[in-house]
Structures are given as C-alpha cells and as structure tokens.
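This report concerns only the one structure given below.
In mature numbering (1 follows the signal peptide of the UniProt record, and there is no 0), the protein residues as written are -18 to -1, 1 to 546.
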C-alpha cells in the first residue's frame, strides 16, 4: 500500500492535478452504523469449519518475482520463504549512478500534488541536483496546490512549475501522480499529450486495471513503468529527510516494467526508486501491484485495523474497563508495542515474547478471528481482481461533489484517544494478548490470501506487514485513525471507509461470540500460523530495514492534512 495521489473532487473541474481538500465533511462517523448483513453462521460452526488450508510447506509460483537485468545497479539475490528473488538495495551512495540510469532524460514531469507528488517531487529534485535533469511539477493554473508547490521551491520563474498538460508535452519522463479516478477520466488527453518515445511513470497499477476493464491499453511507442512506494507520501518524504545522515532511509518500493519501447525502462524505474529514497526495490508486475495494493489498504493496512480497534474498544468497555484503559488495550497496544516488535523482529517474535498464559489468550483470539477475517479478505481480493473495486472507486469518486468524504474519527473511541495520547507514557503502553491475537490473525489471513493468489513474498510482506508497521501505524499512533487514513490516496480512503465496517461487524458477530461461547481453539490454525513460511520472509526483510524509525513530529517540508 503505498498510498498514491490525494485528490478529493475527482469528478469536477478540480478533478485534475493539485486539488487539496477544502470541501465540508459530515460530522458523523462512517462507522456509526453496522456494515452489510452477513449470512447466518453459528459461532461454533464458524470456528470449527474446515480450515481454508494453505500448507506451510507449499511454495507457490511468485508471479511478479521474475528476474531483471541492470547495467547500472547491482542486483542482490535473496531467499524468502523458500523462494528466490532479486532486489536492488538503495542508498545515497548510489546517487552518483543516477545520471547513467536517467540517460537521455532532460526533464521529469511530476503531475499532481496529492499524497505522493510532494514527496517524490522533492526527493527527486534533491537527489538529481547537479545532474542536469530538471524536475518540473505540472498543475492546473487554478489549483490551490500551486502555492503549496511554490512553498517548497517549485516556481514558474525557475522553470520548475507549469500547467500540467504543458509539462506533460515537454517532459521526457512523466510521473503521473494525480488521483486514480482522475487518471481514468483524463487518460486519453494525457496519452495524447505525451512526447513520442516518452516514459510514463505510475506509482500505482490502478490505471492499467481501469484500461483492462474497458478493453483499452497504453499507447504504443512509449515506456510504461511503475515505482510504487509501500507507504503514504508523507512517510516517503519524512524518511528521506531523516535518512540524510545514515546513507538513506525511506519506504521500500516495488517496480514494474509494463512496456519497454527503447530498452531503457528498467534502468529508469530503478533510478527513480533509488532517487526517491527506497531502501530496497523488488520486482512485480503492474497487474500484481494493483491487486495487492488496493486489496491491502482495504485490509490490515487501513480498513481492517480501523474496524478491529473500534470493535475491540467497545468490547473492552463492555467488559468493565474504563474508556481510557480500553483505548490503551486496543489502539495503543497495536500502534505501540505490537507495531514496534513486528517492525524490527517480525510477527513470530511478537508471539514468542508472550508468556505461556498470554499465549493461551492470543491463541483463543487468533483461532476465533482468522476464518471470519479471511472470508472478508478473500471477498476483497476477488472484488479487486475482478475489476469490481476499481469500478466502485470510479463511481464513488463521481459522487464526491455531492457527498464529500466524511470524518472517521468522530466516534467515542477516537474522542477518548485524544485524551489518552495527551497523557501517553510510551513505556507504559500494554501489549494486550487478545488484541495481538485479533490483529495478527487478520494480518496472517491477508498474507495467506496473497500467497494463494501467487504473489511474491517480497510483495506480500511489504503490502501486509512493512507498510503497516513502518509507514501507517506510526501515523495513527501520532494523531489517530483519520491522520493515518486521510493522508493516503483517495482510492485508499474510500476503500478503508467501505470495508472497515465489514470487519467491525464480522468480528462482533462471529469471532467474539466464538470466544464468549468457549469454542475450543483450532490447534490446526495455530500450527499453520507457527509454521507459515512467511515468517522467514519477514525475518529477511527485517534484516534489510534501515536503522531509522519514522518521526511524525520531526520538522519536515511535507504538509500532512487533517479533516476538520
């Protein structure tokens, strides 16, 4: 989940690049009512039904993990969960190679100013300083984002800011970072404006999915590549800034070469990824990227974790906890110790750090949660893979002028959260084993759906684990769920709001009732969890983690948003 361009009014004239949210929002939470009705299944039947087995020993073909060649950057072979992949490690020591990677590129056009564009534009500009490659931002002349771009050094006077279609026409490489729905609406005009032989860069495969759904394709004679940071744009910028003294820290990225018209597409993609600060880059396809990314943000990255916290908070209050303690045991536990342990040492380390008594609690929560969560997650994946979710995003975006995006932190849960954060003592945040069991079961269910679909382990780990703990949860820890969700793309924001209530509902109806009715722990599920080969893949990825933790409070040129 990287979270791409952030634009709200995608169906209006503001639809094009650079729109920043100014529309009024409703004052009620999207979670004030329950999600869609679910078919009637008893808690006992749900908990003891045959497991959707995915053997811990099964090695699935990783469809996006094919090899690649580079004459500029060194490839590093890695073994992940019994599969072999190749990555490129980033770092500022590679910046001298960027002129070679960008050979033939005189101007890179950054189109848009949403979630990703400010981060990638600034990072590219700084990394390419002195190379002769100009980075120029393209926006609508009337865009309120024009001044925001100027505030960080992009100006008409020095030739680094211009009207979006003019910038597209004159750029050798166009990085298209307007919203997904805007790309769908404007793709014909954008394609027509591209120079012959230009390179079109995307940070999400959504446009490919849309083109496939209407029986269309990218134009001939151009390169089409993708570099997709596995985190929201503000985190891409913050970690780039924080990594200046440690040879780079940033957000991992996948890269894809969809069309290579001149034989330079791979080097351009790798150079782009290195220049924005990616600690490592792994290969995928644009199809696999949009499937895993759109799916992931509706799952554990955004939607599922929101639903989990809402329902756990209510459960703990009903059990007799004070609201403040209930928030600590749910939200704070996830964004605090659970996130920190997984980030640096992995999911299995989290489990092994628990006492014997706490493991029993974890197992009960995990056993009851895994199958209900996996049912929803499989539905999400199927909706994305079929194109239904892409069509839903486009249609929903067309309704935004009438029904603006509403607040998602207006419930009692998040009101209490403000009080708790104000008095927070980091070393006193509890690691609640029941919370950990629910959260990890959902994360593992997401992982297993991706495994079954044949995604590479590098993509699975980044889209289900690393993005959650290194980019997104730190934002929720800092200022709550809305600060996390609403600094992501409009596609992510809409999807999170759509699916969070489904997780809230199914956990209440199936998972917690199984626990309350003393349904026995499904030991087969626990065994599959402990033997899952993803733990090896996570361990390897943790070893590649930069030493820098993101700081949401550190000074930065990035400007996060907060809906009022």
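Just so you know, even glycine gets a beta-carbon here, dropped at the ideal spot from N, CA and C.
Quantities reported herein were computed from a predicted structural model and do not represent experimental measurements.
- If the five residues before and after residue 50 are omitted, its C-beta is found closer than 8 Å to the C-beta atoms of 57, 68, 239, 248, 265, all from its own chain and listed in chain order.
- In the three-state reduction of the DSSP assignment, residue 536 falls in the coil class.
- Residue 420 is a Cβ neighbour of residue 351, given a cutoff of 7 Å.
- Beta-bridge pairing by DSSP links residue 238 to 208.
- For residue 120, the beta-bridge partners assigned by DSSP are 93, 144.
- Here residue 451 is not bridged, per DSSP, to any residue.
- Around the C-beta of residue 174, fewer than 16 other C-beta atoms lie within 10 Å, and the residue is accordingly described as exposed.
- As a beta-bridge residue in DSSP terms, residue 62 pairs with 65.
- Just measuring C-alpha positions, the residue of 123, 250, 139 sitting nearest residue 54 is 250.
- Residue 538 is positioned such that its CB atom lies no closer than 7 Å to that of residue 213.
- Three or more Cβ pairs drawn from the region 330 to 347 and the region 408 to 417 lie within less than 8 Å of each other, which places the two stretches in contact.
- Excluding the 5 residues flanking it on each side, residue 77 has same chain C-beta neighbours closer than 7 Å at 109, in chain order.
- Of all C-beta pairs linking the region 219 to 236 to the region 73 to 87, three or more are shorter than 8 Å, placing the two stretches in contact.
- If you check the CB distance, residue 218 and residue 324 do not come in under 7 Å.
- Counting only runs that start and end inside the region 396 to 435, there is no beta strand (DSSP E) element of at least 3 residues.
- The three-state reading of DSSP puts residue 303 in coil, since its state is none of H, G, I, E or B.
- Distance from the Cα of residue 176 is smallest, within the candidate group 281, 151, 280, 246, for 151.
- It is roughly 5 Å from the alpha-carbon of residue 144 to the alpha-carbon of residue 120.
- Residue environment for residue 377: exposed (fewer than 16 other C-beta atoms within 10 angstroms of its C-beta).
- Per DSSP, the continuous alpha helix (DSSP H) segment holding residue 442 begins and ends at 439 to 443.
- Closest option to residue 346, judged by alpha-carbon separation, among 255, 425, 497: 497.
- In this structure residue 181 touches residue 155 by the C-beta definition: roughly 4 Å separates them, less than 8 Å.
- In the DSSP annotation of this structure, residue 156 is not part of any alpha helix (DSSP H); the continuous beta strand (DSSP E) holding it starts and ends at 155 to 158.
- Contact between residue 246 and residue 200 does not hold, since their C-beta atoms are separated by about 16 Å, which reaches or exceeds 8 Å.
- DSSP places residue 76 within a helical segment (H, G or I) once states are collapsed to three.
- Under the three-state reduction of DSSP, residue 106 is assigned to helix.
- For residue 181, the uninterrupted beta strand (DSSP E) segment begins and ends at 181 to 184.
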